[in-house]
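In this note's numbering, the protein residues as written are 67 to 293.
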């Protein structure tokens, strides 16, 4: 009887642990986040170009982040599934172009991508394995060319100031969905266009209406710096 009781306790404990993992990986939608490199670099903190050279003057991927509708999000869901560079070897060159690191000291992107996988990607691995996670983000970027959308609306990365409403409207009209706009502050204290959020369904494939838009801390008129 004692052995049976111990076995039952073990089964219950194991089931509880598994339930915890499933719950940790449950989420409502993704934020697909792209950042403007000129705004990343034009702060007091500055930036470092990757070891592969200065990135193109284009929006780069920051991440694909699982989120809940209440504004919270899961993170670091599976410490037993670390980042494995060999699983994205076929994506590496595209990622260096579309998902470049600007952090200091200079790197080849692996530290940045590892962070994104461990913190965010592992929370979606019941749906997307590591390769699929990064590949999905790259495909989403191909679907939405933010720089072209803005330039077609006369909004250019020329150091000029543009209305937040005009930027939001241009992206909404082109994609069918209202974006979240995040700003940061340049060295002179000006509000500048930093990151653009679009929402994606839990398959990591289709853009959707955002259940919740992030607070972007933007002025009504914001700078679009050159890079």
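Note that beta-carbon positions come from the ideal geometry of N, C-alpha and C, so glycine has one too.
Every value quoted in this text rests on a predicted model; they were computed, and no experiment measured them.
Within the same chain, 196 come within 7 Å of residue 150 by CB-CB distance, once the 5 residues on both sides are set aside.
Within the same chain, 286 come within 8 Å of residue 231 by CB-CB distance, once the 5 residues on both sides are set aside.
Positions of the beta strand (DSSP E) runs, each at least 3 residues long and wholly inside the region 180-232, are given as 226-229 in order along the chain. Proximity to residue 229 across 160, 257 and 155 peaks at 257, based on C-alpha coordinates. Under the 10 Å beta carbon count, residue 261 is surrounded by 16 or more other beta carbons and is classified as buried. Going by beta carbons, residue 171 and residue 107 fall outside the 7 Å limit. Considering only 226, 188 and 213, the residue with the shortest C-alpha distance to residue 125 is 213. Here residue 163 has 121 and 122 as same chain residues with Cβ atoms under 8 Å from its own Cβ, once five neighbours each way along the sequence are excluded. Nearest neighbour of residue 280 by Cα position, chosen from 249, 290, 93 and 194, turns out to be 249. Just so you know, the alpha carbons of residue 118 and residue 174 end up roughly 7 Å apart. Counting every other CB atom within 10 Å of its CB across the protein chains shown gives residue 207 a total of 16 or more, marking it as buried.
Contact annotation, residue 189 with residue 138: C-beta distance approximately 12 Å; criterion of less than 8 Å not satisfied. Distance check between residue 205 and each of 144, 130 and 251 places 130 closest, using alpha-carbon atoms only. Judged by their CB atoms, residue 293 and residue 259 are not nearer to each other than the 7 Å cut-off. By the 16-neighbour rule on beta-carbons within 10 angstroms, residue 132 is buried. Excluding the 5 residues flanking it on each side, residue 203 has same chain C-beta neighbours closer than 8 Å at 98, 127, 129, 130, 165 and 270, in chain order. Your pair residue 274 and residue 93 does not check out as a contact, with CB atoms roughly 13 Å apart and the cut at 8 Å.
Assignment of residue 277 by DSSP, reduced to helix, strand and coil, places it in the coil class.
Judged by their CB atoms, residue 160 and residue 178 are not nearer to each other than the 7 Å cut-off. At the C-beta level, residue 253 and residue 111 stay beyond 7 Å of one another.
Per DSSP, reduced to three states, the secondary structure at residue 284 is coil, with no helix or strand assignment.
Burial of residue 104 is indicated by the presence of at least 16 other C-beta atoms within 10 angstroms of its C-beta. Restricting attention to 267, 227, 209 and 192, the CA atom closest to the CA of residue 240 is found in 209.
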